[in-house]
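A.B. asks: Have a look at this one.
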Amino acid sequence: MQTVTINQLNTAWVQAGQTVSDLDNQINAALFNNESDSKDFTALVGKRDEAKKRRDAIKNQLDELGASQQVPKNEEKIEPQVPVTPIKNKEDKKFIDAVRGMLTGDPKYRDLVTSSDDPVTGVGAGLTIPKDIQTKINQFVRQLYSLQQYVRVENVTMMEGDRIYEKFSTMTPLQDLDAEDATIPDNDEPSLMKIVYKIHRYAGINTVTNSLLKDSSENILAWLISWIGKKVVVTRNQKIVSKLNDSPNKPTITTFDDIKDLYANTIDPALRPGSIYLTNATGFTGISKIKNEFGGYLIQPSVTDPDKYVIAGKEIAVIADRDLPDLTGNKHPLYFGNLEEAITLYDREHMSLLSSNIAGDAFVKDQTKIRVIDRFDVESVDKEAVAAANFKTIADLKPSSPQAPNGGGNGNP
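Counting from 1234, one number per residue, gives the positions in the sequence shown under this note's numbering.
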């Protein structure tokens, strides 16, 4: 007889709860239908009651099994999970209550949801995600592979603005003012440049199940953090990648020496300490198979972190082909540089939620949709701080030919 796992029981319990919820909706609709047959109504109530018994029986069995064994390792998810912890912060609890009320159409929360105007559209922006919960989202984002960890992040309150930057490669020293009548020359002006940012709105929609609406506040919060966090990572990764190709330095790589030249010749030496290599999953597969002169793999895991690989002590950051696709002509991207000097992400830190049961097909499917909006901008600051190389294949290292002693090869002087 096949063994039923905890995960299978949990799925069955959620599905059983959804069945009960759907039958409840049918009963509610029948109550307002004057043409509804009493026998059909009674049968519907009976089906609902039986569904409740089945749901409760599955839940009891789930609790029994959970108390007697741990989840097998092969059933644990490898990807980062949001911990479900009791909500102690009153503001967090108030927010989740507002989310639940917004999703269920509670009139008490209607004014709360529409009171905040979107600074771009001028209409109701929805329910603003509190600072504390945005912090939890950011903490979860850091568990995922986010390129945001490598670039400079500036939190802003204005929807648009500008900043004055000086590229490191053209930076001049401060002037000596020891003389009492010394003046500061204007020789810095030509190397200064103005970067203009304009906050963009990025939105995503998801479907909220009836069973989630009936779940605990802790589980609703964990679901929101997980969904929004993953959306934030994918969106911001792709916007950061879009700025990497602004680099004027775009060499083609064919040998491992070319990769070393990226390190030695493409960026200011002062920027090397914070520099990394960056490629996509397909590109890393090719790089990881380069062999040394003895037939072994040239790229080895980091001594301090076996999950990371390095080239001459520099980390090779790898992100999905979805976020960093191959270039035209089946060429793989390989960037090297100091992303913190090259790119700035201007973060509005003003995420918001809005729900609807009529958007799209939500009305005909009796579903509730929830929309999240993230507000940020990404701009190139120092295009020379990163080199944007490409490659198709990289040749293995060849064994060095042994030199003949004393140049003669025959042992004679």
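The beta-carbon is built from N, C-alpha and C at its ideal position, and this holds for glycine as well.
Excluding sequence positions up to five away, which residues of its chain have a Cβ less than 7 Å from the Cβ of Gln1302?
C.D. replies: For this step, residue 1302 is matched to residue 69 along the sequence shown. Reliability of the predicted coordinates at Gln1302 is poor, the pLDDT of 42 falling under 50, and no value is obtained from them.
A.B. asks: Please classify Lys1427 as buried or exposed, where buried requires at least 16 other C-beta atoms within 10 Å of its C-beta.
C.D. replies: As a first step, residue 1427 must be located in the sequence shown, where it is residue number 194. Only exposed fits Lys1427, as fewer than 16 other CB atoms lie within 10 angstroms of its CB.
A.B. asks: In its own chain, which residues sit with a C-beta less than 6 Å from the C-beta of Gly1250, not counting the 5 before and 5 after it?
C.D. replies: Against the sequence shown, residue 1250 aligns to sequence position 17. For Gly1250, where only same-chain residues beyond five positions count, the Cβ hits under 6 Å are Arg1288 and Ser1444.
A.B. asks: Can you tell me the Cα-Cα spacing of Asn1513 and Ser1613, whole angstroms?
C.D. replies: Position 280 of the sequence shown, counted from the first residue, corresponds to residue 1513. Position 380 of the sequence shown, counted from the first residue, corresponds to residue 1613. Computed Cα separation, rounded: 20 Å.
A.B. asks: If you measure between the beta carbons of Val1466 and Leu1578, is that distance less than 8 Å?
C.D. replies: For this step, residue 1466 is matched to residue 233 along the sequence shown. For this step, residue 1578 is matched to residue 345 along the sequence shown. No, these two residues do not count as a Cβ contact at 8 Å.
A.B. asks: Would you grab the beta carbon distance between Val1332 and Leu1586 for me? Rounded to a whole angstrom, and I think it's under 8 Å.
C.D. replies: Indexing the sequence shown from 1 puts residue 1332 at position 99. Indexing the sequence shown from 1 puts residue 1586 at position 353. Rounded to whole angstroms, the Cβ separation of Val1332 and Leu1586 is 7 Å, and the two are in contact under 8 Å.
A.B. asks: To the nearest whole angstrom, what separates the beta carbons of Phe1609 and Asp1580, a pair I think is in contact under 8 Å?
C.D. replies: One-based indexing of the sequence shown puts residue 1609 at position 376. One-based indexing of the sequence shown puts residue 1580 at position 347. Right, their Cβ atoms sit about 5 Å apart.
A.B. asks: Could you give the distance in angstroms between the alpha-carbon of Asn1396 and the alpha-carbon of Thr1499?
C.D. replies: As a position in the sequence shown, residue 1396 is number 163, starting the count at 1. As a position in the sequence shown, residue 1499 is number 266, starting the count at 1. According to the sequence as given, residue 1396 is Arg; it is not Asn. In a straight line, the C-alpha of Arg1396 is about 26 Å away from that of Thr1499.
A.B. asks: Could you tell me the alpha carbon to alpha carbon distance between Lys1464 and Ala1263, rounded to whole angstroms?
C.D. replies: As a position in the sequence shown, residue 1464 is number 231, starting the count at 1. As a position in the sequence shown, residue 1263 is number 30, starting the count at 1. In a straight line, the C-alpha of Lys1464 is about 39 Å away from that of Ala1263.
A.B. asks: Which same chain residues, not among the five before or five after Leu1567, have their C-beta less than 7 Å away from its C-beta?
C.D. replies: Position 334 of the sequence shown, counted from the start, is the residue given in the question as residue 1567. The residues are Ile1486, Tyr1510, Thr1512, Gly1516, Ala1622, Asn1623 and Phe1624.
A.B. asks: Between Leu1360 and Leu1446, what straight-line distance do the alpha-carbon atoms span, to the nearest angstrom?
C.D. replies: Translated into the one-based positions of the sequence shown, residue 1360 becomes position 127. Translated into the one-based positions of the sequence shown, residue 1446 becomes position 213. Between the C-alpha atoms of Leu1360 and Leu1446 there is a straight-line separation of about 17 Å.
A.B. asks: Can you tell which of Lys1280, Asp1330, Gly1279 and Pro1632 has the C-alpha that lies nearest to the C-alpha of Ile1453?
C.D. replies: Position 220 of the sequence shown, counted from the start, is the residue given in the question as residue 1453. In terms of Cα proximity to Ile1453, the closest of Lys1280, Asp1330, Gly1279 and Pro1632 is Asp1330.
A.B. asks: Report all residues from its chain with a CB closer than 6 Å to the CB of Ile1370; omit the five preceding and five following residues, and keep chain order.
C.D. replies: Start at 1 with the first residue of the sequence shown, and residue 1370 comes out as number 137. Here the set comprises Ile1458, Ile1461 and Gly1462.
A.B. asks: For Ala1497 and Ala1545, what's the separation of their Cα atoms in angstroms?
C.D. replies: In the sequence shown, the residue the question calls residue 1497 occupies position 264. In the sequence shown, the residue the question calls residue 1545 occupies position 312. Near 11 Å, if we compare the C-alpha coordinates of Ala1545 and Ala1497.
A.B. asks: DSSP on Val1441, reduced to helix/strand/coil?
C.D. replies: If you number the sequence shown from 1, residue 1441 lands on position 208. Strand, per DSSP.
A.B. asks: Assuming the contact rule is C-beta atoms closer than 8 Å, Glu1526 and Val1384 should be a hit. Round their C-beta distance to whole Å, please.
C.D. replies: Here residue 1526 refers to the residue found at position 293 of the sequence shown. Here residue 1384 refers to the residue found at position 151 of the sequence shown. Between Val1384 and Glu1526 the Cβ distance is about 37 Å, and since that is not below 8 Å, they are no contact.
A.B. asks: Considering just the uninterrupted stretch of the alpha helix (DSSP H) at Lys1476, what are its terminal residues?
C.D. replies: Counted from its first residue, the sequence shown places residue 1476 at position 243. Bounds of the alpha helix (DSSP H) holding Lys1476 are Ser1450 to Leu1477.
A.B. asks: For Asp1538, count the other beta carbons within 10 Å of its own beta carbon; 16 or more makes it buried, fewer makes it exposed. Which is it?
C.D. replies: Counted from its first residue, the sequence shown places residue 1538 at position 305. Label assigned to Asp1538: exposed.
A.B. asks: Quick one: Cα of Glu1548 to Cα of Phe1489, how far?
C.D. replies: Here the question's residue 1548 lines up with position 315 in the sequence shown. Here the question's residue 1489 lines up with position 256 in the sequence shown. Taking the straight line joining both Cα atoms gives about 16 Å.
A.B. asks: By DSSP, does Arg1581 sit in helix, in strand, or in coil?
C.D. replies: As a working mapping, residue 1581 is identified with position 348 in the sequence shown. If DSSP states are grouped into helix, strand and coil, Arg1581 belongs with coil.
A.B. asks: Within 10 angstroms of the Cβ of Gln1367, are there 16 or more other Cβ atoms? Answer buried if so, exposed if not.
C.D. replies: On the sequence shown, position 134 is the one that residue 1367 refers to. Per the 10 Å Cβ criterion, buried.
A.B. asks: Using C-beta distances below 6 Å, list every residue in its chain close to Val1429, excluding the 5 sequence neighbours before and after it, in chain order.
C.D. replies: If you number the sequence shown from 1, residue 1429 lands on position 196. Cβ neighbours of Val1429 beyond the five flanking positions: Asp1395.
A.B. asks: Use the C-beta contact count for Val1597: other C-beta atoms within 10 angstroms, 16 or more gives buried, fewer gives exposed.
C.D. replies: Indexing the sequence shown from 1 puts residue 1597 at position 364. Because the pLDDT of Val1597 is 49, which lies under 50, any placement of that residue in the model is unreliable, and the number read from its coordinates should be weighed accordingly. The residue in question, Val1597, is exposed, as its Cβ has fewer than 16 Cβ neighbours within 10 Å.
A.B. asks: Taking Asp1270 as part of the alpha helix (DSSP H), name the residues at either end of that continuous run.
C.D. replies: As a position in the sequence shown, residue 1270 is number 37, starting the count at 1. Looking at the DSSP string, Asp1270 is not in any alpha helix (DSSP H), and its letter there is neither H nor E.
A.B. asks: Lys1326: which of Asp1365, Asn1293, Asp1255 and Ser1508 sits nearest, CA to CA?
C.D. replies: The sequence position of residue 1326 within the sequence shown is 93, counting from 1. Of the listed residues, the one whose Cα sits closest to Lys1326 is Asp1365.
A.B. asks: Buried or exposed, going by whether 16 or more other CB atoms sit within 10 Å of the CB of Met1584?
C.D. replies: Mapped onto the sequence shown, residue 1584 falls at position 351. Buried, because 16 or more other Cβ atoms sit within 10 Å of the Cβ of Met1584.
A.B. asks: Drop a sphere of 10 angstroms on the beta-carbon of Thr1275, count the other beta-carbons inside from all chains shown, and report buried for 16 or more, exposed for fewer.
C.D. replies: Locating residue 1275 in the sequence shown gives position 42, where the first residue counts as 1. Thr1275 should be labelled exposed.
A.B. asks: Taking only the alpha-carbon atoms, compute the straight-line gap between Arg1505 and Lys1292 and give it to the nearest angstrom.
C.D. replies: For the purposes of this step, residue 1505 is taken as the residue at position 272 of the sequence shown. For the purposes of this step, residue 1292 is taken as the residue at position 59 of the sequence shown. If you take the alpha carbons of Arg1505 and Lys1292, they lie about 57 Å apart.
A.B. asks: From this set, Ile1532, Glu1617, Val1605 and Ile1627, which residue's C-alpha is nearest Glu1399's C-alpha?
C.D. replies: Taking the sequence shown and counting its residues from 1, one reaches residue 1399 at position 166. Nearest of Ile1532, Glu1617, Val1605 and Ile1627 to Glu1399, Cα basis: Glu1617.
A.B. asks: Can you tell me whether Gly1355 is buried or exposed, with buried defined as 16 or more other CB within 10 angstroms of its CB?
C.D. replies: As a first step, residue 1355 is located in the sequence shown; it is residue number 122 there, counting from the start. Below a pLDDT of 50, predicted positions are generally treated as unreliable, and Gly1355, at 42, falls in that range; no measurement from the model is reported.
A.B. asks: Note the first and the last residue of the continuous beta strand (DSSP E) segment covering Asn1623.
C.D. replies: By 1-based counting over the sequence shown, the position of residue 1623 is 390. From DSSP, the beta strand (DSSP E) with Asn1623 extends over Val1619 to Phe1624.
A.B. asks: Quick check on the burial criterion: 16 or more other C-beta atoms within 10 angstroms. Buried or exposed for Lys1476?
C.D. replies: For this step, residue 1476 is matched to residue 243 along the sequence shown. Buried.
A.B. asks: Helix, strand or coil for Ile1520 per DSSP?
C.D. replies: Position 287 of the sequence shown, counted from the start, is the residue given in the question as residue 1520. In the structure shown, Ile1520 sits in a helix (DSSP, three-state: H, G or I).
A.B. asks: Where do the N-terminal and C-terminal ends of the beta strand (DSSP E) with Arg1511 fall, by residue?
C.D. replies: To locate residue 1511, count along the sequence shown from 1; it is residue 278. The sequence as given places Leu at residue 1511; Arg does not occur at that position. Per DSSP, Leu1511 is one residue of the beta strand (DSSP E) stretching across Ile1509 to Asn1513.
A.B. asks: Quick check: the Cα distance between Leu1380 and Ile1473, rounded to an integer number of angstroms?
C.D. replies: For the purposes of this step, residue 1380 is identified with residue 147 of the sequence shown, where counting begins at 1. For the purposes of this step, residue 1473 is identified with residue 240 of the sequence shown, where counting begins at 1. Taking the straight line from one Cα to the other gives about 7 Å.
A.B. asks: Is it the case that the Cβ atoms of Ala1575 and Asp1607 are separated by a distance below 8 Å?
C.D. replies: If you number the sequence shown from 1, residue 1575 lands on position 342. If you number the sequence shown from 1, residue 1607 lands on position 374. No, they are not a contact pair.
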